[in-house]
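These notes concern the structure reproduced below.
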Amino acid sequence: MLDIVIDARAAQLGPGFEVARILPYRKRRMVGPFIFLDHAGPVSLRPVISEEMDVLPHPHIGLSTITYIFHGKWMHRDSVGYEQVIKPGDVNWMTAGSGVSHSERFEDEFRRTGGDLELLQAWVALPEEIEETDPTFHHYEQTQLPHDDASGVWLRVIAGQAYGLKSPVQTHSPLFYVHSELAPEARLKLPEGYSERAVYVARGKVELGGQLYKKGQLLVVEAGKDPVITARTPATVMLLGGEPLGKRHIWWNFVSSSKERIEQAKADWEAGRIKLPVHDDEEFIPLPGGSKKSDAEPLS
0 MLDIVIDARA
10 AQLGPGFEVA
20 RILPYRKRRM
30 VGPFIFLDHA
40 GPVSLRPVIS
50 EEMDVLPHPH
60 IGLSTITYIF
70 HGKWMHRDSV
80 GYEQVIKPGD
90 VNWMTAGSGV
100 SHSERFEDEF
110 RRTGGDLELL
120 QAWVALPEEI
130 EETDPTFHHY
140 EQTQLPHDDA
150 SGVWLRVIAG
160 QAYGLKSPVQ
170 THSPLFYVHS
180 ELAPEARLKL
190 PEGYSERAVY
200 VARGKVELGG
210 QLYKKGQLLV
220 VEAGKDPVIT
230 ARTPATVMLL
240 GGEPLGKRHI
250 WWNFVSSSKE
260 RIEQAKADWE
270 AGRIKLPVHD
280 DEEFIPLPGG
290 SKKSDAEPLS
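Residue numbering for the sequence shown follows numbering that gives the first Met the number 0, starting at 0 and increasing by one per position.
Right under this line is the structure:
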C-alpha cells in the first residue's frame, strides 16, 4: 500500500528557527515534482519576536517555492520587486527560474505582539525546458482557492486539480497540493490520475492500510494503489504529488537538471551577481562553505 514512510527531521533555517524537514530524504528524494517540504511550528512566539527568527535574503534557481500558512503572518520581499504579507490560507508562489533572491521576515504588529506560528514551505522542480525562465511571483488570497466541506472532510485545493476542483494557482507541470481537515472517523480517498502521491500528517492521527500514522510522517503511496485514509483523531493532512520530471540535482537552495548550472549559481551568489531583494539589500545569507565544489546530489 505504501512505498515508504518518511519521518520529519529537525533542521535549522537560522539561529532560533527550527523546522521539521520532510523532503528531500535519502531514500525518497521527490514525490512528483515536489522536491522539498518543511513544516514550521506550531509554536507560540513571545513578543517581541527576535530578529534571529527572520530568514535573511537568500537565492534560488530552477524551482518554484510555495509558502502556505496555518497561523501567523510573514513578509515576503524578492529581487523582482514584490513585497507581500502572507496570511493564513493564502498562497505565495515564487518561481525562481534563472535566479531570484528573497527574504521572509516577521514585521509590524505580529513582531510586536507575537502569537501562534505554523506554516509549510514546499518547492517544486521546474520542467527542464523552463528551468531558466524569468523569475516571477504570484500571491493568491484564500478566497480565491476552491474548497469543499462534506461528511467531516473539509479541503482546500492549493494548487493543481483534485476532487473536481481546480486551483487558479499557475503551475508548470501536472501536480496537486491539497490542505484537508478531517473530523474523527472521517474518510478521504487520495486524488486519482497522478503517477506519484503522498499524504503528510500535519496534526493528529490517521489510519491507512490498517496502520496508524501520526504528526510528522509523510506516507508515500505505492504506484497503482488507491488507498483511503481514516482520521482516528481530529487531523490535518496535506496531500501532494504529480508527475515526475526526471533527475534533479540539489544543493542548498539551488535545484537543476545540470550539476554545472548549480556550480554557476554558487559562483553567481558569491560574486553578488544575483540581485538582493528590493528594500531588503543590506544583509544576506552567505554561501555555505564558500566556493568549494558542492558535489550536488542527483535527485530522481
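All C-beta atoms, glycine included, are put in the ideal place defined by N, C-alpha and C.
Taking all protein chains shown into account, decide if Val227 is buried (16 or more other Cβ within 10 angstroms of its Cβ) or exposed.
-> On the sequence shown, position 228 is the one that residue 227 refers to. Answer is exposed; the Cβ neighbour count stays below 16.
Kindly list the residues whose CB is nearer than 7 Å to the CB of Lys274, restricted to its own chain and excluding five residues on each side of it in sequence; keep chain order.
-> Taking the sequence shown and counting its residues from 1, one reaches residue 274 at position 275. For Lys274, where only same-chain residues beyond five positions count, the Cβ hits under 7 Å are Ser78 and Ser100.
Reduced DSSP category for Asp37 - H, G, I as helix; E, B as strand; rest coil = As a working mapping, residue 37 is identified with position 38 in the sequence shown. Residue state, collapsed to three classes: strand.
Can you give me the start and stop residues for the beta strand (DSSP E) that Ala197 sits inside?
-> Position 198 of the sequence shown holds residue 197. Here the beta strand (DSSP E) through Ala197 covers Glu195 to Arg202.
So does the segment 250–262 actually touch the segment 40–50, counting three or more Cβ pairs closer than 8 Å?
-> no
As assigned by DSSP and simplified to three states, the class of Thr112 = Position 113 of the sequence shown, counting from 1, holds the residue named residue 112. DSSP places Thr112 in helix when its eight states are reduced to three.
Looking only at its own chain, which residues have a Cβ that is under 7 Å from the Cβ of Ala185, when we skip the five neighbours before and after it?
-> On the sequence shown, position 186 is the one that residue 185 refers to. Cβ neighbours of Ala185 beyond the five flanking positions: Ser150, Gly151, Val152 and Ala230.
Taking the beta strand (DSSP E) that Ile261 falls in, what are its first and last residues?
-> Residue numbering aside, residue 261 sits at position 262 when the sequence shown is read from its first letter. Run containing Ile261: none in the beta strand (DSSP E); it sits in the alpha helix (DSSP H), Lys258 to Glu269.
What separation, rounded to the nearest whole angstrom, lies between the Cα atoms of Leu62 and His171?
-> For this step, residue 62 is matched to residue 63 along the sequence shown. For this step, residue 171 is matched to residue 172 along the sequence shown. Distance between the alpha carbons of Leu62 and His171: 10 Å.
Same chain, Cβ closer than 7 Å to Ala197, neighbours up to 5 away in sequence not counted | Residue numbering aside, residue 197 sits at position 198 when the sequence shown is read from its first letter. Cβ neighbours of Ala197 beyond the five flanking positions: Val30, Leu217, Leu218, Val219, Val220, Leu239 and Gly240.
So, using beta-carbon positions, are Ala158 and Val254 closer together than 8 Å?
-> The count along the sequence shown starts at 1 and reaches residue 158 at position 159. The count along the sequence shown starts at 1 and reaches residue 254 at position 255. Not closer than 8 Å, so no.
Residues near Pro126 by beta carbon distance below 7 Å, same chain, minus five either side = To locate residue 126, count along the sequence shown from 1; it is residue 127. Same-chain partners within the cutoff: His171, Ser172 and Leu244.
Given that a residue counts as buried once 16 or more other Cβ atoms are within 10 Å of its Cβ, and exposed if not, what is Thr112?
-> Residue mapping note: residue 112 aligns to position 113 of the sequence shown, counting from 1. Burial call: exposed.
Residue closest to Glu103, alpha-carbon to alpha-carbon, out of Thr142, Tyr81, Asp225 and Ala222 | Start at 1 with the first residue of the sequence shown, and residue 103 comes out as number 104. The candidate whose alpha carbon is nearest that of Glu103 is Tyr81.
Local conformation of Ile129 per DSSP, three classes = Numbered from 1 along the sequence shown, position 130 holds the residue referred to as residue 129. Helix.
Label Lys265 either buried or exposed according to how many other C-beta atoms from any shown protein chain fall within 10 Å of its C-beta, with 16 as the threshold for buried.
-> As a first step, residue 265 is located in the sequence shown; it is residue number 266 there, counting from the start. By the neighbour-count rule (16 or more Cβ atoms within 10 Å), Lys265 is buried.
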